[in-house]
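Residue numbers (my numbering): 1 to 640. Don't be surprised by glycine CBs; every beta carbon is placed ideally from N, CA and C. Predicted model only: the values in this text are computed from it and were never measured.
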Amino acid sequence: MATQTAPQTETRPFEAEVAQVLHLVTHSLYSHKEIFLRELISNASDACDKLRFESLANPELMSGDGELHIDVSWDEKARTITIADNGIGMNRHEVVANIGTIASSGTRRYLEAMAQEKKADARLIGQFGVGFYSAFVVADRVTVLTRRADASAVEGVRWESDGKGEYTLEQVEVPSRGTTIVLHLKADEDEFLSGWKLRSLIHRYSEHVAFPIRMPKDSDAHDGSDEAAEDGSQSADKAEWDTINAASALWTQPKSEISDEDYQGFYKSLGHDFADPLAWSHNRVEGNQSFTTLLYLPAHPPFDLMMGGRDERKGLKLYIKRVFVMDAAEELLPNYLRFVRGVVDADDLPLNVSRELLQQNRQLERIKASCTKRVLDLIEGLARNEPEKFATFIKAFGNTLKEGIGEDTANRERIAKLLRFASTKGDDASRSVSLDDYIARMPEGQDTIWYVTGETHAAAAGSPQLEAFKARDTEVLLMSDRIDEWMLGYLHEYEGKKLQSVAKGELPLDDAAKQKHEEAAKAAEPLVARLKELLGDRVGEVRVSARLTDSPSCLALSDYDMAPHFARLLREAGQDLPDSKPTLEVNPQHPLVQRVQTESDEATARDIATLLLEQAEIAAGATLPDPSAFVQRMNRLLLG
């Protein structure tokens, strides 16, 4: 409620980030202008949801007007469009917090996403809570009249702005609860002063909003002047209204009565998305615990997928007996499935449930397990029956899915089956090879799934550690996503086959190859000893390599060592990692390695030995301790 010390009327500046968003929205969104209506109706629906939930504990909030609805009207003479709801409403503090500042609007994340995209994108409107600002796409002035359900009529608030840097606040009398938004249209937006146009947009974007969306009767010929005064106040006693949307919760209807277009339309209104979903799953579970789920796989990543903490995830909405409770994705799906959109409607959770109770609720754990299974079923169905859609899914969410290898031990095998990788036997950088594909191509006697990690696909494909495998025509998976090294810390085997890095441990050799390698190592003992002497404490060990056929050197890791490129990323992220000395493997047949043994000048021999180590470190993605010294050393040898 407004405090008595608050001024009755005041002018305030927008916060800097809000002003930036308004500038972007009003100057960059030339297409999809009609999203303003979708967003304002969605906000009105949320307000009705919140009132219905709060009224469970305080029924008096609904007194006098128990039928929640959203009204849309227009006035050709005044050139206004009005969206009004009888939901929870706002007090003065909430108006400032929700519209004028960054606290609740998500504008900073919106601006970060804009910087990534290099342009304003209508898909982002709504995803970061900035949907209200879409009003300024078509309006040069916006008026808001609102009164919270638990406030008196004299504690209403009038907010108004032209979107150019500041807004006014005034305490006014508002006869009934809820919020009314009046858009004063720009001169070139006459197309929206049409009942037919508004009605068609509502059918396209808001058909399945769970509250009646009403327009004046005979609205196709109506000028709206009787229903909306210039300040936006409604004369409900004069108006007669028609409900023009389905006004029912889609997920409660029988699947046989819902068309694909209905499912797709509901997804677009739910997920603030223009693209159709890749797939969806609609299920009703009956028994001791009854609930309904409607889950969608998007076609592209939501822009907030990698932003914010777990508390900000809003992929799924939780309803209890069709009463909205909260955006509760963390309680309903594991983090690695945070891209899923949809609703869960439970019959038998306590209606006074709080977030703390949710986290401890065994019934919700069963719902979460069911949702997880449904989503994995959906993805498996794409992989099995719709390869093109599955390829789209993997491109968008493959890395996020990999998080499940470490997070979801119960489903680790199912998740691993869905992953796709590049391969030395694949097409360039195409990530299309599954672990099952790899196993099916394994020759008799091979019991290991070989892989190499790198910072980029080119680095992985060009790793010198692959040379012996290429010579033996052994397939190797090429893993170059940042999460791969972390994931492999949890994925040690698949279908009884061990996963092994080509850079780690001893290479398995048959008897003949093993004898040949031992003979080469014996012959190169003086060379290895000199290299160790020249490199000193920069290396832990120098040895003859069984991995190399063409390159002069590479790094070798123990089974428990971290790949150098991954260790560098962790250090850059502030992780404190123990120092370790690398193991250098050399190819004694390479002329550069042989030159170390024949070089009489000690300084030149040290340069060559150091260069062999630094080449190996660069190929492995490690950071050189002194890049300028490397350049000088290289120049000396080139000119020498």
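Among the options, nearest to residue i - alpha-carbon criterion
i	options	result
residue 372	253, 344, 531	344
residue 37	200, 367, 78, 287	200
residue 394	433, 407, 539	433
residue 368	628, 206, 408	408
residue 333	482, 295, 14, 418	295
residue 517	549, 531, 205	549
residue 525	330, 594, 477	594
residue 141	131, 166, 155	166
residue 532	606, 591, 519	606
residue 559	543, 573, 546, 583	583
residue 156	396, 178, 135, 136	178
residue 375	316, 206, 58, 41	316
residue 193	171, 139, 146	139
residue 603	535, 97, 131, 424	535
residue 57	520, 325, 587, 254	325
residue 715	575, 346, 52, 33	The structure shown does not extend to residue 715, since the chain is modelled only from 1 through 640, so no value can be given for it.
residue 136	264, 186, 246	186
residue 541	420, 430, 581	581
C-alpha gap between residue i and residue j, whole angstroms
i	j	result
residue 229	residue 384	Because the pLDDT of residue 229 is 47, which lies under 50, any placement of that residue in the model is unreliable, and the number read from its coordinates should be weighed accordingly. Approximately 58 Å between the Cα atoms of the pair.
residue 280	residue 68	29 Å
residue 195	residue 336	44 Å
residue 77	residue 182	14 Å
residue 453	residue 464	12 Å
residue 73	residue 81	6 Å
residue 338	residue 302	10 Å
residue 447	residue 498	7 Å
residue 348	residue 440	47 Å
residue 162	residue 273	27 Å
residue 189	residue 319	38 Å
residue 609	residue 626	15 Å
residue 13	residue 97	13 Å
residue 180	residue 43	11 Å
residue 90	residue 207	26 Å
residue 173	residue 254	45 Å
residue 634	residue 416	44 Å
residue 591	residue 462	20 Å
residue 34	residue 9	32 Å
residue 366	residue 445	43 Å
residue 292	residue 198	32 Å
Cβ shell of residue i (< 8 Å), same chain only, five flanking positions each side left out
i	result
residue 487	402, 403, 405, 406
residue 94	148
residue 459	480, 565, 619, 621
residue 270	296, 317, 341, 342, 343
residue 492	498, 499
Beta-ladder partner(s) of residue i, from DSSP
i	result
residue 450	500
residue 554	585
residue 421	433
residue 147	178
residue 267	BP columns for residue 267 are empty, so no partner.
residue 342	295, 316
residue 476	In the DSSP output, where bridge partners are listed per residue, residue 476 has none listed.
residue 84	71, 180
Cβ shell of residue i (< 6 Å), same chain only, five flanking positions each side left out
i	result
residue 455	565, 621
residue 399	481, 483
residue 30	At residue 30, the pLDDT of 47 sits below 50, so the modelled position is not reliable; the number obtained from the coordinates is stated separately. Closer than 6 Å at the Cβ level, and outside the excluded window around residue 30, lies no residue.
residue 563	453, 485
residue 71	84, 214
residue 597	527
residue 521	544
residue 490	405, 406
Sequence-distant residues of the same chain with beta carbon closer than 7 Å to residue i, five excluded per side
i	result
residue 275	299, 300
residue 630	614, 624
residue 577	567, 570, 571
residue 248	210
residue 99	132, 159
residue 55	61, 62
residue 530	596, 597
residue 290	347, 348
Min CB distance residue i to chain B below 8 Å
i	result
residue 349	Within the model displayed, chain B is absent; a lone protein chain is all it includes.
- Item | Any 3 or more C-beta pairs closer than 8 Å across the segment 271-290 and the segment 374-389 | yes
- Do three or more CB pairs link the segment 75-90 to the segment 43-51 at distances below 8 Å? yes
- Query: Counting Cβ pairs, one atom from each stretch, are 3 or more of them under 8 Å apart for the segment 56-73 and the segment 151-164?
  - Reply: no
- Query: Taking three-plus beta-carbon pairs below 8 Å as touching, is the segment 610-627 in contact with the segment 544-556?
  - Reply: yes
- Item | Meets three-Cβ-pair contact criterion under 8 Å: the segment 502-510 and the segment 465-481 | yes
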